[in-house]
Every structure is written in structure tokens, then in C-alpha cells.
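Below: the structure, in C-alpha cells.
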DNA sequence: GCCGTTTTCGGCCCGACTGTTTTCAGTCG
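Residue numbers (this note's numbering): 15 to 590.
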């Protein structure tokens with residue numbers, strides 16, 4: 015067995031790398047796609063690939079057949095893959111890296127390598143600057159400039175943008191477009207924004223108008239636009255001053271349904287849906303459902319697209335080709351959780367620790383949202399930077415909360431704490447203190463770089479403490495800033511299923527932790543979730559919408575989430 | 001490479017846009 019079991023992500027990235035090399039070598043594109051598809055599905059597992067391997071169930075993963083199962087077996091058994099190593103010997107690493115340059119695909123990378131002898135992005139840049147690329151067959155001065163611009167964009171780009179930053183930007187662009195574009199009938203965000211993915215590549219916007227030209231003109235004239243990247247009759251791409259790329263597609267209103275369906279994606283969902291359409295006698299594109307005789311079935315609404323294919327409408331959050339089409343076909347899609355199902359928030363801070371507002375202000379903000387309860391869960395003593403609370407200050411805080419609770423008949427403050435899970439796995443407050451609180455969240459904030467076994471043991475120890483009710487932001491990731499800790503979430507889920515510990519879906523857009531993939535696995539395992547804002551000021555409660563969307567991406571229903579329940583049920587749940 | 005209520009062989013989504021082309025290849029989503 016390998017010294018250290020490879021993570022799903024590491025395996026997926028190796029498979030993608032194989033796909034890239036095969037692509038550059040000019041292999042059959044469906045073989046290339048097979049590696050990429052398998053990589054996606056392994057990343058979407060939510061449980062350790064190694065577990066499936068031990069159970070002999072690798073081929074149950076969609077897109078993994080006999081050949082890939084054999085390769086995965088070798089990889090998991092030995093930590094190496096001979097096939098990959100032989101491929102690596104054929105194409106220099108720097109050539110594979112060139113695929114990351116916008117405008118450079120497999121054919122161009124191969125051309126740059128074999129015809130010009132370039133083997134790294136740096137060499138391509140130097141050659142472009144020296145005007146040597148334009149001499150290559152099929153490339154001209156414009157291509158050379160585009161490649162150079164692509165390399166610069168690559169260096170500038172910091173990867174995908176967190177949902178919490180992209181969403182407001184998209185709304186701003188849409189509002190500006192609605193205000194200025196002549197003849198605009200509808201305009202909405204599509205793409206990964208509409209699917210509420212945790213991170214966004216480009217902003218995908220869709221508009222309906224009889225005449226696209228004035229809409230395109232208004233779009234490129236928006237003050238947010240820094241540069242027009244490409245513009246055609248139905249599609250325009252721009253770079254905004256914020257650095258994000260935004261794509262606008264314009265369609266006539268009677269084709270809005272197929273257009274929105276197409277532009278929402280995901281690509282994998284669209285491919286699977288279009289394959290199904292072919293089986294059911296249609297060719298599906300953004301323009302229409304086309305019958306074999308060439309006649310078109312136009313769909314002004316998205317529901318009509320799915321129903322024409324015999325499917326129930328699929329919520330955008332589920333459109334990742336992870337079984338949603340089969341479920342829609344059988345009529346077994348889950349009734350997803352809605353924002354309005356949320357009756358309270360079980361993670362909020364006040365100015366007793368590192369929050370910015372009084373308990374009273376936080377309570378009134380929660381009441382204004384229509385909540386029936388709010389858990390005040392300030393940090394514990396060990397987190398010095400957050401002015402964490404000692405047992406004595408917690409007792410004083412309890413008195414204030416009891417005082418405030420006399421005020422309302424329709425709302426209740428709950429008293430809790432977000433207790434530190436210390437490096438050795440012990441908790442930062444004594445059991446007798448924890449026993450006196452309504453709900454205890456246990457979280458890791460320090461020692462995040464511990465190795466996997468120790469980190470996992472810490473969290474598991476906390477879960478086994480009978481006073482701990484919820485594990486806060488279980489993976490510790492900060493999107494775009496910090497990878498998740500080394501904690502073995504697979505093990506955490508297994509223990510949660512035993513102990514009944516609730517796992518948090520931290521709704522802050524920089525966390526979204528648990529992520530969608532592990533939420534889905536938790537739901538399958540019957541683990542209860544709490545979707546919490548982790549608010550540090552009254553406005554912070556508003557991030558709940560991101561947490562709900564992430565839970566929806568994990569196929570969660572209201573029944574899976576404890577803070578959809580009324581106060582008495584919640585209290586009963588945590589007392590037990 | 002995978003996959004199968006039309007197939008175990010022969011399929012594998014579909015279209016927009018650009019650049020370098022005289023009709024199409026490459027890239028992207």
C-alpha cells in the first residue's frame with residue numbers, strides 16, 4: 015500500500031494531467047474526455063476513493079470502467095502509475111502547463127513545442143516578444159499578440175472569484191444594463207452564479223431582446239467595462255475594472271428558455287441533457303429543440319425545455335451531472351431546502367468577544383429577519399486575539415441574555431459558545447461550563463497545519479465529548495486564501511453518524527464549509543446539518559442565503575437541517 | 001477512455017467567435 019493514501023483531489027488532478035498530455039499528443043478526444051470526466055466524478059465523491067477501492071467498488075463511479083479501475087488500483091496500491099510516467103516522458107511538463115494560457119489549446123501547445131522547440135511558458139513569452147511566433151504555420155501577428163496577452167492575463171489572474179464577491183458585481187452589471195439597454199426585455203445571471211458555485215470563473219449574463227445590437231452596444235459602454243475582449247452579434251465578452259471577465263449573450267424572448275438552460279450549465283449537465291435529448295428525438299441547443307425534420311420547438315421558459323424531454327424542472331444548484339437528470343426522469347428529485355425554511359441561526363458573535371455589535375443588536379437583527387431564535391456563540395478564552403470568554407464571563411453573559419429574553423414572546427436568544435478545539439484535542443472550557451450552555455459549537459482555529467492523523471483525532475475527540483453539539487466550519491478552508499486543513503472529513507462524517515453530532519454548513523461566502531460535495535454525502539448518511547451565518551455584526555446574518563444555496567447544491571432538504579425547526583424542537587434536539 | 005429499453009461496436013453536444021484562411025481549424029463554454 016502507498017505510504018500515504020492519495021486524496022481524491024490528487025487522483026483527480028493526475029487524471030486531468032493524463033488527459034492534457036493525451037490531448038497534446040493528438041489522441042482521440044473522447045479518450046481525453048474520459049479522463050477528465052472520471053476526474054470530475056472522483057472529486058464529487060464526498061468519500062475517500064480509497065474506501066471504494068478497498069471495497070472493490072471503483073467501477074461504480076460514473077465514468078470509471080475496467081481500464082481506469084485498473085489504473086486507479088495500481089495508483090492506490092503503489093502510489094505510482096506507470097502509464098502516467100510513460101506519458102510524462104513524452105511531453106515536457108512546461109508544454110502541458112501552456113494549456114493554462116487563455117487562447118492556447120492542445121494544438122497550439124503542440125505547435126509551439128514541436129515546431130518552435132518551446133518547452134515552457136517563459137520561453138513562449140520570450141518568443142512572442144521577439145516576434146517569432148507569427149512565423150509559425152497557422153499563427154499570425156494577432157495570434158502572437160493574443161498569446162502574449164493570455165500569458166499576462168494568466169500571471170495577473172488569481173484564479174476563481176469567491177461567490178460572495180462575484181454575486182454583487184453581477185447584480186450591479188445587470189442593474190446597469192437594465193437601466194441603459196434599449197429594448198431589453200429580461201436580463202439574468204446564468205452560469206456558475208445561477209448554480210451558486212462557491213467560486214466563479216466568469217460572470218455569465220443572459221439578456222432577451224428582439225434586437226441584440228443596441229443591447230451589446232449598451233453593455234460595452236457600461237462604466238464597469240475596462241476592455242472588450244470579443245464581440246459578435248449574440249455574444250460579447252468584456253473584462254471589468256474589477257478584473258473579472260463578463261460574458262453577455264442576447265437572445266430573442268421566445269428562445270429565452272433554451273438560452274437560459276444552455277447558459278446556466280454546467281457543461282457536464284448540458285452534455286448529458288443533450289445526449290438524452292437525442293435519444294428522445296431532439297437536438298438541443300441554446301436556440302431550440304430541433305426535430306429530425308428540421309422543425310424547431312421554441313421554449314420561452316426553461317421549464318418547457320425539461321418537460322419536452324420528459325423531465326421535471328431541475329433546480330440550477332443540482333445541474334452538475336451528478337445524477338440529477340436520472341432523478342428528474344424518475345421524478346425523484348429532492349424537495350430542496352429554501353431560504354424561507356430557516357427559522358433561526360445557530361452561530362453568531364457579539365461584542366463580548368470579536369463581534370462588532372451588542373447582543374441586543376444582534377437579536378433585533380435576527381428578529382427582523384423573521385427568525386424565532388439566535389444562538390450567541392462567542393469565542394472561548396483560549397482564542398486571545400478574539401477576546402475569548404472565560405467561564406466567569408460566560409456566566410455574566412448568560413445573565414444579560416436572560417435579561418434580554420424577558421423582552422420578547424416571539425423570539426428567543428440561546429446561549430452558547432464556540433469553544434476552541436485545542437491542539438491536543440482537548441476543549442478550551444471545562445465540561446461543567448459547557449454543560450450549562452444551551453448549545454456548544456466546537457471549532458478549530460489554530461494549529462491548522464497539523465498532519466492528518468492528529469488533526470482528525472482532535473476533531474473526533476471533540477465530537478465524542480457529550481457536551482459538544484455542533485462542529486463549526488469542519489474543514490477550515492478559507493476560499494481563495496487557505497486550503498482546508500488536513501482533517502479527514504470522511505472520518506468526521508462517519509463519527510458524526512455515530513455520535514449524532516451536528517455538522518455546520520458555515521454560510522459565510524469565504525467559508526461555505528462543509529462544501530457541497532460533503533453535504534451531499536452527509537445527507538446520504540443521515541447526518542444532521544446546521545446552516546449558520548457566523549455573523550460578527552447584524553449585517554452578517556444576511557449571508558445565510560449562500561449557506562442555503564450550498565446546502566441545496568448538496569441535495570439537502572429542510573428535514574436535513576436542524577435550524578429549520580421551531581424553537582421547542584431545536585431545544586429538544588440538543589437537550590437529548 | 002466509457003457505455004448500452006434501438007447497440008458489446010460504434011457512437012460519444014452544440015454552437016459562437018476569431019484568425020488565417022479561400023472553406024476551416026482552434027478555442028471556449
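C-beta atoms are modelled at their ideal positions from N, C-alpha and C, and glycine is treated no differently. Keep in mind that this is a model prediction, so the values were computed, not measured.
Collapsing the DSSP output to three states places residue 49 in a helix.
Collapsing the DSSP output to three states places residue 546 in a strand.
In the DSSP assignment, residue 283 falls outside any beta strand (DSSP E) and lies within the alpha helix (DSSP H) extending over 281-293. Looking from the CA of residue 82, the closest CA among 180, 339, 55, 452 belongs to 55. Cα atoms of residue 530 and residue 431: separation of roughly 26 angstroms, rounded to the nearest angstrom.
Taking 8 angstroms as the cut-off, the Cβ atoms of residue 165 and residue 115 count as close. DSSP places residue 329 in the coil class of the three-state scheme, outside both helix and strand. The alpha-carbon separation between residue 374 and residue 491 amounts to approximately 30 angstroms. Listed as beta-bridge partners of residue 83 by DSSP are no residues whatsoever. Residue burial annotation: residue 399 is exposed, with fewer than 16 other C-beta atoms found within 10 angstroms of its C-beta. Given a length threshold of 4 residues, each whole run of the alpha helix (DSSP H) inside the stretch 249-284 is given here in chain order: 270-278. The residues 234, 252, in chain order, have a CB closer than 6 angstroms to that of residue 242 in the same chain once the five nearest residues on each side in sequence are set aside. Residue 195 is not a Cβ neighbour of residue 239, given a cutoff of 8 angstroms. The residues 30, 33, in chain order, have a CB closer than 7 angstroms to that of residue 50 in the same chain once the five nearest residues on each side in sequence are set aside.
For residue 199, the CB contacts under 7 angstroms within the same chain, skipping 5 residues up- and downstream, are 222, 223, 267 in chain order.
Counting C-beta pairs with one atom in each stretch, the stretch 537-553 and the stretch 327-339 have fewer than three that are closer than 8 angstroms, which means they do not touch.
Of the candidates 494, 495, 509, 509 places its Cα closest to the Cα of residue 501. When 109, 151, 299 are compared, the shortest CA-CA separation from residue 136 is found for 109. Within the DSSP bridge table, the entry for residue 393 names 432 as partners. Leaving aside the five residues that flank residue 153 on each side, the residues in its chain whose CB is nearer than 7 angstroms to its CB run, in chain order, 147.
In the DSSP annotation of this structure, the continuous segment of the beta strand (DSSP E) that includes residue 516 starts and ends at 516-520. Residue burial annotation: residue 422 is exposed, with fewer than 16 other C-beta atoms found within 10 angstroms of its C-beta. Per DSSP, reduced to three states, the secondary structure at residue 315 is coil, with no helix or strand assignment. When the Cα atoms are used, residue 131 and residue 41 turn out to be separated by approximately 21 angstroms. Positions of the alpha helix (DSSP H) runs, each at least 4 residues long and wholly inside the stretch 467-517, are given as 503-513 in order along the chain. Taking 8 angstroms as the cut-off, the Cβ atoms of residue 350 and residue 570 count as close. Counting the other CB atoms within 10 Å of its CB gives residue 361 a total of 16 or more, which places it among the buried residues.
Residue burial is scored here from C-beta neighbours: residue 255 has fewer than 16 other C-beta atoms within 10 angstroms and is therefore classed as exposed. Under the DSSP assignment, residue 201 falls in the beta strand (DSSP E) whose first and last residues are 200-203. Contact between residue 549 and residue 555 holds, since their C-beta atoms are separated by about 5 angstroms, short of 8 angstroms.
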